[in-house]
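Residue numbers (the working numbering): 5 to 130.
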């Protein structure tokens with residue numbers, strides 16, 4: 005089982021530098037304070053940002069996240085979350101992505117920016 009399956013994320017078809025990832029919240033997504041753990045929100049932001057960048061990768065290129073900043077705006081307890089990402093700039097070596105995570109009520113839960121290193125070939129284990 006891959007990490008995305010473990011989390012329970014649903015990837016919608018990414019295209020042209022945009023992507024959406026949805027997650028129906030489960031009890032195991034909650035932290036010790038009773039609301040959804042910030043790591044779950046970061047995971048969604050990471051997943052949609054990566055998916056957005058990969059929608060622009062061509063000719064065997066890949067991308068890896070090298071930096072991410074997330075601002076938490078509001079907590080979540082139940083329902084679902086949706087992370088929407090858009091590539092702001094896709095260069096030959098780096099990509100910049102903006103992300104917004106919202107609840108099913110449409111209320112903003114978090115915003116983020118991330119930077120990806122664009123690789124000319126796939127990473128392989130040493």
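By construction, the Cβ of each residue, glycine as well, lies at the ideal position given by its N, Cα and C atoms.
Keep in mind the model is a prediction, meaning the values are calculated, not measured.
Opening and closing residue of the alpha helix (DSSP H) in which residue i lies
| i | result |
| --- | --- |
| residue 92 | From DSSP, residue 92 is part of no alpha helix (DSSP H) but of the beta strand (DSSP E) over 84-94. |
| residue 52 | 42-58 |
Three-state class that DSSP yields for residue i in the structure shown
| i | result |
| --- | --- |
| residue 11 | helix |
| residue 33 | helix |
| residue 16 | coil |
Bridge partner(s) assigned by DSSP for residue i
| i | result |
| --- | --- |
| residue 106 | 86, 112 |
| residue 170 | For the chain, the structure presents residues 5 to 130; residue 170 sits outside this window and is missing. |
| residue 80 | Its beta-bridge partners do not exist; DSSP assigns none. |
| residue 72 | 118 |
Residue range of the unbroken beta strand (DSSP E) whose run includes residue i
| i | result |
| --- | --- |
| residue 27 | 22-28 |
Rounded Cβ spacing between residue i and residue j (contact assumed at less than 8 Å)
| i | j | result |
| --- | --- | --- |
| residue 90 | residue 101 | 7 Å |
| residue 103 | residue 120 | Actually they are not in contact, since the Cβ atoms of residue 103 and residue 120 sit about 12 Å apart, beyond 8 Å. |
| residue 114 | residue 76 | 5 Å |
Segment contact flag, the stretch 53-62 with the stretch 22-35, C-beta cutoff 8 Å, min 3 pairs | yes
Count the C-beta pairs between the stretch 35-52 and the stretch 75-90 that are closer than 8 Å, then say yes if the count reaches three, no if not.
-> yes
Counting Cβ pairs, one atom from each stretch, are 3 or more of them under 8 Å apart for the stretch 66-74 and the stretch 25-35?
-> no
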